[in-house]
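A.B. asks: Please find one structure pasted underneath; my questions will follow.
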Amino acid sequence: MFKNYTNSNFSLTLVPDQSTVYLEPKKNGVSRTVIKGYVKLDVKIPAEIIDISVSLNLKKQVQWLNLSRIERITSEKNYKNSDLPITTIPVNSASQPIVPSGSYVYSFELWVPENLEPSVNSHKNFLNYYLQASVRSSSSKSGPYILSKLKSAFQESSVTKPIIIRLVPDEFSHDYTKAFYQQPTRYNIYNSDGVKVTLQLPSQYLSKNSCSPSSPFKATLLVSIDSKDQIDLKIKSAELSLTQKVIFNIPGVEKSPSLQSVFGHSKPTLVQKFLPFALKSQPNTQTETVTNDQCALNTPSYDSPKSDLFCEFISENAASLDLYNNPNAQNFSFTFSLPDFESEPIPSVETPSFNISHYLTSSFAISLSNSPKPILIATNSKIFAIPSWTQDYKYCLPLYENSSQDAILA
Numbered sequence: 276m277f278k279n280y281t282n283s284n285f286s287l288t289l290v291p292d293q294s295t296v297y298l299e300p301k302k303n304g305v306s307r308t309v310i311k312g313y314v315k316l317d318v319k320i321p322a323e324i325i326d327i328s329v330s331l332n333l334k335k336q337v338q339w340l341n342l343s344r345i346e347r348i349t350s351e352k353n354y355k356n357s358d359l360p361i362t363t364i365p366v367n368s369a370s371q372p373i374v375p376s377g378s379y380v381y382s383f384e385l386w387v388p389e390n391l392e393p394s395v396n397s398h399k400n401f402l403n404y405y406l407q408a409s410v411r412s413s414s415s416k417s418g419p420y421i422l423s424k425l426k427s428a429f430q431e432s433s434v435t436k437p438i439i440i441r442l443v444p445d446e447f448s449h450d451y452t453k454a455f456y457q458q459p460t461r462y463n464i465y466n467s468d469g470v471k472v473t474l475q476l477p478s479q480y481l482s483k484n485s486c487s488p489s490s491p492f493k494a495t496l497l498v499s500i501d502s503k504d505q506i507d508l509k510i511k512s513a514e515l516s517l518t519q520k521v522i523f524n525i526p527g528v529e530k531s532p533s534l535q536s537v538f539g540h541s542k543p544t545l546v547q548k549f550l551p552f553a554l555k556s557q558p559n560t561q562t563e564t565v566t567n568d569q570c571a572l573n574t575p576s577y578d579s580p581k582s583d584l585f586c587e588f589i590s591e592n593a594a595s596l597d598l599y600n601n602p603n604a605q606n607f608s609f610t611f612s613l614p615d616f617e618s619e620p621i622p623s624v625e626t627p628s629f630n631i632s633h634y635l636t637s638s639f640a641i642s643l644s645n646s647p648k649p650i651l652i653a654t655n656s657k658i659f660a661i662p663s664w665t666q667d668y669k670y671c672l673p674l675y676e677n678s679s680q681d682a683i684l685a
């Protein structure tokens, strides 16, 4: 948790209370988050040390391929060329300009703007923050027991410590258990020649826990076929991927470079196929199709709650799928497990430097008995990937309390 700097006259140690800072978005630039910690100054030879400054700094790099050439832009920001914060801790005084040998601890509080961009690190592209503590000294007539005069406060006598800035998704900035988090989301992914295919997710917001093998989160595929003839349907193949896309906003670059990476991938096996419902007195021996009329008529007599869910799904989608207007529609339903998170995603965000978005990339091959060629479907459905740290961020919010500026250990 700490970094230190040592020279022949003194050593400087920087110890922040936390290595990760959580920011809530859209607070109109009002700072509500503070980084606390302390710096420890061990003076070996008495010296005229004026003050110690602690600041938040930023280093950014964007790299992309332009034809056959690699383009790279690197920049750095600090309190001098941006609104990044700095705090200054006085060390000496008029009555005691020379700091005696000994160890000194100085607490600091650094208020962080809420409009900062989050930390990013992906494929040699990064936006990294770090704390920097620097000692400022002056020359004196005290002979060899003083530090050389520094040209600036950030040369030689400074120490840095990486710090991560997390931007909490706006939807979770107050209550991540809101009802919309659990609302199902549907995507119409195919509609041609009397065949309509809809993909349903239990929520548009996916987290690592929701995509684990033991999770109830499944992708449901509903196929509706408008045909008077009996149709046999088979899923020949299915593939699901969680994709993250980062678009970099670079001034002067006509076409913004982008990165696309997969943070979850699977070729899922069929979890279950919804069987047609049947009367309680009858075994499930019917063909694996069900019409909307059957759902409407036999609702009280389901043999399985799974069939109940299937009919509820059809009922909710009837208007958008025109099922009620197609009495001959044959409906099939399948469920697939969602791929687990293989790596931690960056939350969806739009900033001056980059835009981050997420998609469930899915591809299906569907075989119909009345068609010689399978139906091939490939689509990107927009989702919101919620990293695991989001659900715990509220326990890491800082406490606002007063702290003394200095304390002497020795």
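For the sequence shown, our numbering assigns the number 276 to the initial residue and increments by one for each residue that follows. Where a beta carbon is used, it is the ideal one built from N, C-alpha and C, also for glycine. As the structure is a computational prediction, the values presented were derived from the model and not from experiment.
1. Give me the residue from Ile320, Lys493 and Ile506 with the minimum Cα distance to Pro459.
2. In whole angstroms, what is the alpha-carbon distance linking Gln293 and Ser482?
3. Please report the straight-line C-alpha distance between Asn655 and Thr518, rounded to a whole angstrom.
4. For Ser357, does the three-state DSSP call read helix, strand or coil?
5. When the Cα atoms are used, what is the spatial distance from Pro627 to Lys352?
6. Relative to the alpha-carbon of Leu316, which residue among Ser376, Lys471, Pro614 and Pro477 has its alpha-carbon at the smallest distance?
7. Answer yes or no: do Arg411 and Ser330 have a C-beta to C-beta separation smaller than 8 Å?
8. Looking at Pro620 and Pro649, is the spacing between their C-beta atoms short of 8 Å?
9. Quick check: the stretch 334–347 against the stretch 396–408, are at least 3 beta-carbon pairs closer than 8 Å?
10. Let me know if Val537 comes out buried or exposed under the rule of 16 or more other beta-carbons within 10 Å of its beta-carbon.
11. In this structure, what does DSSP give as the bridge partners for Pro365?
12. Please classify Pro647 as buried or exposed, where buried requires at least 16 other C-beta atoms within 10 Å of its C-beta.
13. Would you give the residue range spanned by the beta strand (DSSP E) that Phe523 belongs to?
14. Checking the sheet assignment: what are the DSSP bridge partners for Lys335?
15. Under a three-way DSSP split, which group does Ser663 fall into?
16. Does the Cβ of Ala653 have 16 or more other Cβ atoms within 10 Å, making it buried, or fewer, making it exposed?
17. Report yes if the CB atom of Gln479 is closer than 8 Å to the CB atom of Thr495, and no otherwise.
18. For the beta strand (DSSP E) that Gly312 lies in, which residues bound it at each end?
19. For Phe285, which option in Glu323, Thr295 and Gly312 has the closest C-alpha, if you only look at C-alpha atoms?
20. Do you know offhand how far Lys416's Cα is from Asn367's?
21. Determine the closest residue to Trp664 out of Ile440, Ile325 and Asn341, with distance taken between C-alpha atoms.
22. Between which two residues does the beta strand (DSSP E) carrying Asn390 extend?
23. I need the straight-line Cα distance from Leu289 to Lys355, nearest angstrom please.
24. Cβ atoms of Ile373 and Pro321: under 8 Å apart, would you say?
25. Which value, in whole angstroms, describes the spacing of the CA atoms of Asp501 and Gly469?
26. Which first and last residues belong to the beta strand (DSSP E) in which Asn606 is found?
27. May I have the straight-line CA-CA distance separating Ser432 from Gly312, to the nearest angstrom?
28. What did DSSP end up calling Asn284 once you bin it into helix, strand or coil?
29. With C-beta atoms as the reference, is Phe659 less than 8 Å away from Ser618?
C.D. replies: On the basis of the data shown:
1. The residue you call residue 459 lines up with position 184 of the sequence shown. Out of Ile320, Lys493 and Ile506, Lys493 has the C-alpha closest to the C-alpha of Pro459.
2. Within the sequence shown, residue 293 is the residue found at index 18, counting from 1. Within the sequence shown, residue 482 is the residue found at index 207, counting from 1. Straight-line Cα distance between these residues: approximately 24 Å.
3. Within the sequence shown, residue 655 is the residue found at index 380, counting from 1. Within the sequence shown, residue 518 is the residue found at index 243, counting from 1. Straight-line Cα distance between these residues: approximately 9 Å.
4. Here residue 357 refers to the residue found at position 82 when the sequence shown is read from its first residue. Ser357: coil per DSSP, three-state reduction.
5. Locating residue 627 in the sequence shown gives position 352, where the first residue counts as 1. Locating residue 352 in the sequence shown gives position 77, where the first residue counts as 1. Between Pro627 and Lys352, the C-alpha separation is close to 15 Å.
6. Here the question's residue 316 lines up with position 41 in the sequence shown. Cα-wise, what sits closest to Leu316 is Ser376.
7. In the sequence shown, residue 411 corresponds to position 136, counting from 1. In the sequence shown, residue 330 corresponds to position 55, counting from 1. Contact: no.
8. Indexing the sequence shown from 1 puts residue 649 at position 374. Indexing the sequence shown from 1 puts residue 620 at position 345. Going by C-beta atoms, Pro649 is not nearer than 8 Å to Pro620.
9. yes
10. On the sequence shown, position 262 is the one that residue 537 refers to. Flag for Val537 reads exposed.
11. Looking up residue 365 in the sequence shown gives position 90. Answer by DSSP bridge pairing, in chain order: Asp326.
12. Here residue 647 corresponds to residue number 372 of the sequence shown, with the count starting at 1. The residue is exposed, with fewer than 16 neighbouring Cβ atoms inside 10 Å.
13. Position 248 of the sequence shown, counted from the first residue, corresponds to residue 523. Residues Leu508 to Phe523.
14. Translated into positions along the sequence shown, residue 335 becomes position 60. Answer is Ser350 and Leu402, bridged to Lys335.
15. Numbered from 1 along the sequence shown, position 388 holds the residue referred to as residue 663. Helix.
16. On the sequence shown, position 378 is the one that residue 653 refers to. With fewer than 16 Cβ atoms within 10 Å of its Cβ, Ala653 is classed as exposed.
17. Here residue 479 corresponds to residue number 204 of the sequence shown, with the count starting at 1. Here residue 495 corresponds to residue number 220 of the sequence shown, with the count starting at 1. No. Outside cutoff.
18. Stepping through the sequence shown from its first residue, residue 312 is reached at position 37. Looking at the DSSP string, the run of the beta strand (DSSP E) that includes Gly312 is Thr308 to Val318.
19. Position 10 of the sequence shown, counting from 1, holds the residue named residue 285. Among Glu323, Thr295 and Gly312, the Cα nearest to that of Phe285 is on Glu323.
20. The sequence position of residue 416 within the sequence shown is 141, counting from 1. The sequence position of residue 367 within the sequence shown is 92, counting from 1. Since pLDDT at Lys416 reaches only 41, below the 50 mark, its modelled position is unreliable, and the value read off the structure follows with that caveat. Cα-Cα distance, rounded: 16 Å.
21. In the sequence shown, residue 664 corresponds to position 389, counting from 1. The residue with the shortest Cα to Cα distance from Trp664 is Ile440.
22. Taking the first residue of the sequence shown as position 1, residue 390 is located at position 115. Premise fails: Asn390 is in no beta strand (DSSP E) and is neither H nor E.
23. Residue numbering aside, residue 289 sits at position 14 when the sequence shown is read from its first letter. Residue numbering aside, residue 355 sits at position 80 when the sequence shown is read from its first letter. Spanning the two alpha carbons is a distance of roughly 21 Å.
24. Residue 321 sits at position 46 when you count from the first residue of the sequence shown. Residue 373 sits at position 98 when you count from the first residue of the sequence shown. In this structure, Ile373 lies closer than 8 Å to Pro321 by Cβ.
25. Position 226 of the sequence shown, counted from the first residue, corresponds to residue 501. Position 194 of the sequence shown, counted from the first residue, corresponds to residue 469. If I take the Cα positions, the gap works out to 5 Å.
26. What you label residue 606 is simply residue 331 of the sequence shown in a count that begins at 1. Per DSSP, Asn606 belongs to the beta strand (DSSP E) from Ala604 to Ser612.
27. If you number the sequence shown from 1, residue 432 lands on position 157. If you number the sequence shown from 1, residue 312 lands on position 37. Answer to the nearest angstrom: the Cα atoms are 19 Å apart.
28. On the sequence shown, residue 284 is found 9 positions in, with the first residue counted as 1. It is coil, neither helix nor strand.
29. Here residue 659 refers to the residue found at position 384 of the sequence shown. Here residue 618 refers to the residue found at position 343 of the sequence shown. The answer is no: Cβ separation not under 8 Å.
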